[in-house]
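A.B. asks: Residue numbers (the numbering used here): 5 to 311. Each residue gets a CB set at the ideal place from its N, CA and C atoms; glycine is no exception. First the structure, which I've put down as structure tokens, then a few questions once you've had a look.
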Ligand SMILES: NC(=O)c1ccc[n+]([C@@H]2O[C@H](COP(=O)([O-])OP(=O)(O)OC[C@H]3O[C@@H](n4cnc5c(N)ncnc54)[C@H](OP(=O)(O)O)[C@@H]3O)[C@@H](O)[C@H]2O)c1
């Protein structure tokens, strides 16, 4: 029987290329996204390169914690899981809040992967040796390292808040790697570098995504963004594919796989135990594993799965 892999936000951009890479290596891949139309065309594209089991699509809006819980329950029913790639990520030019009333960058980039991972640990244990891959970003370098509250003090700057949410995800990745050491579940972060995708093309053209000092240098900043996000998603997917499958990583955990698809030192701050502690506290508060009364009574909308 094929090994099972799940790739969130796997119907477009870097996630779709990651899903294709895993399917080509024999995994039965499930991709998650919001749009059924996009899901159907992604499944066709993945099936064309799959060497073993057929891919499938499950719809969920990963900005909603109830949808993440429903997705986890749906995926858990399929049994053992060998690879979970938490690829979902988003940058917002303007401050937004999710249906859970949580700031959207923090919710989509960190809380959603955190919750999905915690809810699938039993299935990953059943599939061990198994791997969790959390997709990170070099934007961490401009992140404010303050996690006393979900929203940091000061103004909203999409690129910096996105980087801060990715920093939360990386701190959680390193924590989880230690927590799971010896269980057969290993945990990696993957930095895709950059690629021309919906996310970068849609959000990196406005100076308001950066802080006022960087706005003064906007032409230079913009050129840097353009250069670093000019490449194809198929190349940017290589770090995630390596983190999920490379045999040279067997038995290792807690590594950051860089844009060249090789381990690199982790970004400064991510290994700070105080950051990890604050991130975990916020995550447990904002994304409880069992959800509100509607989830417990089975009243949330089940994920859409096409015939
Ligand atoms: N592109 C870069 O230069 C770059 C650089 C560093 C890190 N990254 C990271 O790499 C990962 C992939 O980035 P990308 O550039 O490929 O992003 P992208 O182009 O925005 O990804 C598109 C995919 O995300 C899905 N998606 C978006 N929002 C979703 C939501 N709320 N719920 C479920 N699915 C959702 C889309 O499907 P639907 O529209 O159907 O929902 C589609 O499958 C992210 O974690 C990103 O932060 C990217």
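What three-state label does DSSP hand residue 187 in the structure shown?
C.D. replies: In this structure, residue 187 counts as coil in the three-state DSSP scheme.
A.B. asks: So, for residue 311: in the same chain, excluding its five sequence neighbours on each side, which residues have a beta-carbon less than 6 Å away from its beta-carbon?
C.D. replies: At residue 311, the pLDDT of 49 sits below 50, so the modelled position is not reliable and the matter cannot be decided from this model.
A.B. asks: Can you check the stretch 244–303 for any beta strand (DSSP E) of at least 3 residues that lies completely inside it and give the ranges in chain order?
C.D. replies: 259–261, all fully within the stretch 244–303.
A.B. asks: Examine ligand 1 and report whether any of its heavy atoms sits within less than 8 Å of the Cβ of residue 36.
C.D. replies: Because some heavy atom of ligand 1 lies under 8 Å away, the Cβ of residue 36 counts as near it: yes.
A.B. asks: Based on the DSSP secondary-structure assignment, which residues constitute the bridge partners of residue 107?
C.D. replies: According to DSSP, residue 107 bridges with 101.
A.B. asks: Excluding the five sequence neighbours on either side, which residues of its own chain have a C-beta within less than 8 Å of the C-beta of residue 123, listed in chain order?
C.D. replies: Closer than 8 Å at Cβ, skipping near neighbours: 72, 73, 76, 77, 80, 293.
A.B. asks: Confirm the yes/no value for this check: CB of residue 195, any heavy atom of ligand 1, distance under 8 Å.
C.D. replies: Checking the Cβ of residue 195 against ligand 1 gives yes.
A.B. asks: Can you tell me where the alpha helix (DSSP H) holding residue 225 begins and where it ends?
C.D. replies: Start and end: 222–232.
A.B. asks: Flag residue 202 as yes when its Cβ comes closer than 8 Å to any non-hydrogen atom of ligand 1, and as no otherwise.
C.D. replies: Yes, ligand 1 has a heavy atom inside 8 Å of this Cβ.
A.B. asks: When DSSP builds the beta bridges, which residues end up paired with residue 192?
C.D. replies: Bridge partners of residue 192: 137, 259.
A.B. asks: Mind checking whether the beta-carbon of residue 170 lies closer than 8 Å to any heavy atom of ligand 1?
C.D. replies: Correct: residue 170 has its Cβ closer than 8 Å to ligand 1.
A.B. asks: Rounded to the nearest angstrom, what separates residue 288 and residue 105 at their Cα positions?
C.D. replies: Using only the alpha carbons, I get a separation of about 15 Å.
A.B. asks: Tell me the residue span of the beta strand (DSSP E) that contains residue 34.
C.D. replies: Note, residue 34: beta strand (DSSP E), 32–37.
A.B. asks: Quick one: does the C-beta of residue 44 sit closer than 8 Å to a heavy atom of ligand 1?
C.D. replies: No; taking the cut-off as 8 Å, the Cβ of residue 44 has no heavy atom of ligand 1 nearer than that.
A.B. asks: Between the stretch 192–209 and the stretch 232–245, are three or more C-beta pairs nearer than 8 Å?
C.D. replies: Yes, since at least three Cβ pairs between the stretch 192–209 and the stretch 232–245 fall closer than 8 Å, the two stretches touch.
A.B. asks: Could you spell out where the beta strand (DSSP E) holding residue 9 opens and where it closes?
C.D. replies: Segment 8–12, the beta strand (DSSP E) holding residue 9.
A.B. asks: How many Å lie between residue 42 and residue 24 at the Cα?
C.D. replies: Distance between the alpha carbons of residue 42 and residue 24: 15 Å.
A.B. asks: Please work out which residues of its chain come closer than 8 Å, Cβ to Cβ, to residue 200, disregarding the five sequence neighbours upstream and downstream, and give them in chain order.
C.D. replies: Excluding residues within five positions, the ones whose Cβ falls inside 8 Å are 233, 234, 235, 236, 237.
A.B. asks: Indicate whether the contact test is met: 3 or more Cβ pairs, each with one atom in the stretch 131–150 and one in the stretch 264–280, closer than 8 Å.
C.D. replies: Touching, yes, given that three or more Cβ pairs across the two stretches are closer than 8 Å.
A.B. asks: Any contact between the stretch 182–197 and the stretch 212–221? By contact I mean 3 or more CB pairs, one from each, below 8 Å.
C.D. replies: No: the two stretches stay apart, fewer than three of their Cβ pairs being nearer than 8 Å.
A.B. asks: Just reading off the beta strand (DSSP E) that residue 60 is part of, what are its end residues?
C.D. replies: It spans 60–63 - the beta strand (DSSP E) in which residue 60 sits, taken as one unbroken run.
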